[in-house]
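Visitor: Let me give you the structure first, and then I'll get to my questions.
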Amino acid sequence: MSDYVPTIGLEIHAELKTRTKMFCRSKNDADETRPNVNICPVCMAHPGTLPVINREAVRHVLRVGCALGGKLADYTEFDRKSYFYPDLPKGYQLSQYEYPLVSGGELLGFAITRVHLEEDTASSMHGSDPLATGDDNTGTTSIDYNRAGVPLMELVTEPVLHSAEDAGRFARELQLLLRYLKVSEANMEKGEMRVEANISVQRTDNSEQRIVGLGTKVEVKNLNSFRAMERAVAFEIRRQTQMLEEGKDITQETLGWDESKQETFPQRIKEGSADYRYFPDPDLPSLKLSGVSGFSAKDLSSTLPELPWKRRGRYLKVGVKPDDADSFVRDAALGDFFDDVSAGYDKESALLAANYIANDLVKIIRDAGERDTEKRGEIPISAHNFKEIIDMLRERKLNSRTAKDVLALSVESGDSPSRIAAEKGLIGGTVGEDAVGAVVDDVIAKNPDVVADFKSGKGPALEFLVGQCMKALRGAADPMALRELLKSKLKV
Ligand SMILES: [Zn+2]
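Just so it is clear: in the sequence shown, position 28 is 27 by numbering that gives the first Met the number 0, and no numbers are missing.
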């Protein structure tokens, strides 16, 4: 009997957010829709032009390296990677070969090999020639050089991931990091972040748990969403495992992902590694980074914001639910809002605030975003006003239902929640103790069977009684207090 162990390595490209391109002064604008607008003789590879290194792009990659705990290069250079393709006007791509800007580091505990800087290629558009006349322009390819020379970061992981979930978690966390550092929008659907997965499946000897057959590596490209990536990786693991089980060989090849069929398909067979004839670009200076002011690890580290995983850890430590913590990390504006609201709060109040933000407020934000796209993601209430609601809840001036009403009214009018609660007669909407006592007595009298269940130790019975009391009081009571009162009246 054999076991099969999948191994995955990722190569992730991200277009960097800079004012200009990597080696010229053409604008770097991913949102430009008119073709061939942001171009100049340098990125069009006219003879006699000379490239100049974009300092901002180098700094972006070094900051990513700092955040990942990688080793920043002291000496670095750019190399020519030669190959022929219509989207590559120079006939070579400027990239980094032997001296990447960053070596090592890790993300979510997964080891990173290197992070380097290169330039993007132009983009080809098949069958969509804007100049073609007539109905049929299939078979034509037009090229847009706006993207040629845009700074591109490439991150390569060690082959240390072992499932589609690992790959998904890694790529999502990297996207978050790039956004936190404001170095890339990293939008996969727009091609600002592109993931390639190298997947192999190895047969291991069950008794000794050692690898007996080295897997053949297959590369999956053109993954334009996290879900597509996870599905493609899972599909490949299944496909390769099955082939090995049937005693078949796996071909080393490059695959694409067919979203409609939900399967991978061969793009081309890899015939060994292409000879790119890397050599240092003679038109660019090599860099001694320690000589560049502001580029030391110490200087760069001081520019880092709180990193996504640190922030998540901070929320989990307070006791925020993992899903809520994740939404505060993913939506930094929401996280900032939680930080503002919970400042100065004890743990209990902070968790109460987290709960109301992650549920009630998020729902209001989502509904508003659906009605009016301009308001998408906007937080419609000040932290000060939100705090008032949480304070009133803590002082039991509001209960969970009246708090929702006050929140909705305050969002609508912008008025102070305490004023709204007072004007609408919602404060002290909690009924007096005597009235609550009478209702509790009544509920106990009307439900002898449930009371018997409760006394015989049936858990849900108490919750049923609490529910009955809440119903009778039309929600104007604190369920915790009701629970205690019921327990004391039933003598437990
Ligand atoms: Zn240019």
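We treat Cβ as the ideally placed atom computed from N, Cα and C, and that holds for glycine.
Go ahead and pull the three-state DSSP assignment for D492.
Guide: The question about residue 492 has no answer, for the chain in this structure spans 0 to 491.
Visitor: Could you tell me the distance, in whole angstroms, from the CA atom of Y84 to the CA atom of G90?
Guide: Their backbone Cα atoms lie some 7 Å apart in a straight line.
Visitor: Which residues in the same chain have their Cβ closer than 8 Å to the Cβ of L160, if we skip the five residues on either side of it in sequence?
Guide: Result list for L160: T6, I7, G8, L9, F109, A166 and F169, in chain order.
Visitor: How is the alpha helix (DSSP H) around M21 delimited, first residue to last?
Guide: M21 -> no alpha helix (DSSP H), and no H or E assigned at all.
Visitor: So what does DSSP say about V438, is it helix, strand or coil?
Guide: V438 falls in the helix class under three-state DSSP.
Visitor: Specify the secondary structure class of E153 as computed by DSSP and reduced to three states.
Guide: It is a strand residue.
Visitor: Quick one: give me the first and last residue of the beta strand (DSSP E) that E118 is part of.
Guide: Note, E118: beta strand (DSSP E), F109 to E118.
Visitor: Just to check my reading of the structure: R62 and V182 have Cβ atoms closer than 8 Å, yes? What is that Cβ distance to the nearest angstrom?
Guide: That belief holds up - the Cβ atoms of R62 and V182 are roughly 7 Å apart, short of 8 Å.
Visitor: Sorry if obvious, but does the Cβ on S25 come closer than 6 Å to a heavy atom of ligand 1?
Guide: Because some heavy atom of ligand 1 lies under 6 Å away, the Cβ of S25 counts as near it: yes.
Visitor: How should Q95 be labelled, buried or exposed, when 16 other C-beta atoms within 10 angstroms of its C-beta is the threshold for buried?
Guide: Counting Cβ neighbours within 10 Å, Q95 comes out buried, since at least 16 surround it.
Visitor: Please check the pair V219 and E258, which I expect to be a contact at CB under 8 Å, by giving their CB distance rounded to whole angstroms.
Guide: Not confirmed; about 13 Å, so no contact.
Visitor: Roughly how far, in whole angstroms, is the beta-carbon of S415 from the beta-carbon of I389, given that I think they are within contact range, below 8 Å?
Guide: Their Cβ separation, rounded to whole angstroms, is 14 Å, which puts S415 and I389 out of contact at 8 Å.
Visitor: Reducing DSSP to helix, strand and coil, say where E373 ends up.
Guide: In the structure shown, E373 sits in a helix (DSSP, three-state: H, G or I).
Visitor: Could you please give me the residues that DSSP links to V217 through a beta bridge?
Guide: DSSP output for V217 lists I198 as bridge partner(s).
Visitor: When you compare only the Cα positions, how much space is there between G126 and I142?
Guide: Cα to Cα, the separation comes out at about 11 Å.
Visitor: With a Cβ-Cβ cutoff of 7 Å, do P379 and L175 count as a contact?
Guide: It is not a contact, given that the beta carbons lie outside the stated cut-off.
Visitor: With a CB to CB cut of under 7 Å and the five nearest residues on each side skipped, what residues in its chain are close to L324?
Guide: The residue asked about is misnamed: residue 324 is Ala in this sequence, not Leu. Hits under 7 Å: R311, Y314 and L315.
Visitor: What's the call for D248, buried or exposed, on a 16-neighbour Cβ count within 10 Å?
Guide: It counts as exposed.
Visitor: Consult DSSP for G466 and reduce its assignment to one of helix, strand or coil.
Guide: DSSP places G466 in helix when its eight states are reduced to three.
Visitor: Can you check DSSP and say which residues form a bridge with K445?
Guide: Note: K445 sits in no beta bridge, so no partner.
Visitor: Please list the terminal residues of the continuous alpha helix (DSSP H) segment that includes D325.
Guide: Where D325 is concerned, the enclosing alpha helix (DSSP H) stretches over P321 to R329.
Visitor: Could you tell me the distance, in whole angstroms, from the CA atom of I443 to the CA atom of Q467?
Guide: Cα-Cα distance, rounded: 10 Å.
Visitor: Would DSSP call T6 helix, strand or coil?
Guide: Strand at T6.
Visitor: Just the C-alpha distance for G428 and S341, rounded to the nearest angstrom, thanks.
Guide: Because G428 carries a pLDDT of 49, less than 50, the predicted location of this residue cannot be relied on, and the following value inherits that uncertainty. Rounded to whole angstroms, G428 to S341 spans 25 Å at the Cα level.
Visitor: Quick check: the Cα distance between A29 and C65, rounded to an integer number of angstroms?
Guide: The alpha-carbon atoms of A29 and C65 are separated by roughly 26 Å.
Visitor: For G428, which of helix, strand or coil comes out of DSSP?
Guide: Its pLDDT being 49, under 50, G428 is placed unreliably in this model, and the coordinates cannot settle the point.
Visitor: Between V60 and M152, is the Cβ-Cβ spacing less than 7 Å?
Guide: Yes; because the gap between Cβ atoms is below 7 Å, this pair is in contact.
Visitor: What number of angstroms, rounded off, separates the C-alpha of K470 from the C-alpha of A421?
Guide: Answer to the nearest angstrom: the Cα atoms are 23 Å apart.
Visitor: If L288 sits next to V319, beta carbons under 8 Å apart, how far is it from one beta carbon to the other, in whole angstroms?
Guide: The Cβ separation is near 39 Å, so there is no contact.
Visitor: Return the first residue and the last residue of the alpha helix (DSSP H) that G167 is part of.
Guide: Note, G167: alpha helix (DSSP H), A163 to Y179.
Visitor: Pull up the distance between the alpha-carbon of I52 and that of R79, whole angstroms please.
Guide: Their Cα atoms are separated by approximately 14 Å.
Visitor: Put R237 into one of helix, strand or coil per three-state DSSP.
Guide: Reduced to three states, the DSSP call for R237 is helix.
Visitor: Taking 6 Å as the cut-off, is the beta-carbon of V41 closer than that to any non-hydrogen atom of ligand 1?
Guide: Yes; taking the cut-off as 6 Å, the Cβ of V41 has a heavy atom of ligand 1 nearer than that.
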